[in-house]
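Peer 1:
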Amino acid sequence: MQGRPAWDDSETRRSYAAYRLGALRWLGGGLAGLALAAGLSAYAVLVLERAGLGVFIVAAVILGVFAVVTGVGGLLRARRFRRTLQRAPWQRATLRVAGPHLRLVFTASDDVDAGEGAEESPSVDVALMTTSRWRVRTVVGHRDGEVAVCRDENAGFVLTAVGTNNLYGLRPLTRDAGRYRP
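First residue of the sequence shown: 1165, per my numbering; consecutive thereafter.
(1) If you draw a straight line from the alpha carbon of L1188 to that of G1238, how long is it in whole angstroms?
(2) Sort out for me which residues DSSP pairs G1333 with in a bridge.
(3) Checking contacts by CB at 8 Å: is Y1183 closer than that to chain B?
(4) With a threshold of 6 Å on Cβ separation, who are the neighbours of D1316 within its own chain once the five nearest residues in sequence on each side are excluded?
(5) I'd like to know whether the C-beta atoms of A1196 and N1330 end up nearer to each other than 8 Å.
(6) Apart from the five residues just before and just after V1290, which ones in its own chain have a Cβ nearer than 7 Å to its Cβ?
(7) Quick check on this structure: which residue in F1245, Y1332, V1300 has the alpha carbon closest to the alpha carbon of P1264?
(8) In three-state DSSP terms, what is R1260?
(9) Along the chain, where does the alpha helix (DSSP H) containing A1206 start, and where does it finish?
(10) Determine the direct distance from the alpha carbon of H1306 to that of V1326, and round the result to whole angstroms.
(11) By alpha-carbon positions, which one of R1243, L1323, M1293 ends up nearest to L1185?
(12) Using CA coordinates, which residue listed in V1232, R1177, P1169, A1272 is at the minimum distance from L1198?
(13) In terms of alpha-carbon separation, which member of A1224, L1259, A1201, R1168 lies closest to L1323?
(14) Starting from A1291, trace the beta strand (DSSP E) both ways and give me its first and last residue.
Shown next, in the form of structure tokens:
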């Protein structure tokens, strides 16, 4: 797993495809909502000759725009994840959790001898880039477990764990972001 790009792993490509498919679903649902709003408004004005369906049309437009923005954002993240996964290898880390904050404690590589005075493994404090409850619960479910992390060129991370079949974006925390840390 070390040394070769993460993209070479078939499970990584499946996880990426699942992430991208979710973004495409949001985009498609948003476009369908906008088309529904346009069709309803045309029907209300031309056939029924009344604009009384305005509340439903406005709701469909708002939900459609929200879904389109969510889908486009997901596709942009998927593109960034793919560039990262094609460039960098997976690194093994232990996931520590304390409230909304996460700490990735990287395992020592096989190249480093344990007796060289390296008392503590390198670690980094991060936060999830998602607020979706099911995605947060999935990541927190791997508390004190081993995860695979790929470093982004912008100091972010892409995280996955065995069996999750999904990718999660992480952003690093600054040192003064809070006092409760894992």
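Don't be surprised by glycine CBs; every beta carbon is placed ideally from N, CA and C.
Peer 2: Answer, in terms of the structure:
(1) On the sequence shown, residue 1188 is found 24 positions in, with the first residue counted as 1. On the sequence shown, residue 1238 is found 74 positions in, with the first residue counted as 1. Each residue's Cα considered, the two are about 8 Å apart.
(2) Working through the sequence shown from its first residue, we reach residue 1333 at position 169. For G1333, which the question treats as bridged, DSSP gives the partners V1322.
(3) The structure shown contains no chain B, having only a single protein chain.
(4) The residue given as residue 1316 occupies position 152 in the sequence shown. Cβ within range, chain order: T1248.
(5) On the sequence shown, position 32 is the one that residue 1196 refers to. On the sequence shown, position 166 is the one that residue 1330 refers to. It is not a contact, given that the beta carbons lie outside the stated cut-off.
(6) On the sequence shown, residue 1290 is found 126 positions in, with the first residue counted as 1. So the list reads L1266, L1268, F1321, L1334, R1335, P1336, L1337, once near-sequence residues are dropped.
(7) Reading the sequence shown from its first residue, position 100 is the one you call residue 1264. Per the Cα distances, V1300.
(8) Position 96 of the sequence shown, counting from 1, holds the residue named residue 1260. Three-state DSSP puts R1260 in a strand.
(9) Working through the sequence shown from its first residue, we reach residue 1206 at position 42. That run of the alpha helix (DSSP H) goes 1174-1206.
(10) Locating residue 1326 in the sequence shown gives position 162, counting from the first residue. Locating residue 1306 in the sequence shown gives position 142, counting from the first residue. About 10 Å.
(11) By one-based count along the sequence shown, residue 1185 stands at place 21. Comparing Cα-Cα distances from L1185 to each of R1243, L1323, M1293, the minimum goes to R1243.
(12) Along the sequence shown, one-based indexing puts residue 1198 at 34. Closest option to L1198, Cα to Cα, is V1232.
(13) Sequence index remark: in the sequence shown, residue 1323 carries index 159 (1-based). For L1323, the nearest C-alpha among the options comes from L1259.
(14) Indexing the sequence shown from 1 puts residue 1291 at position 127. Here the beta strand (DSSP E) through A1291 covers 1287-1292.
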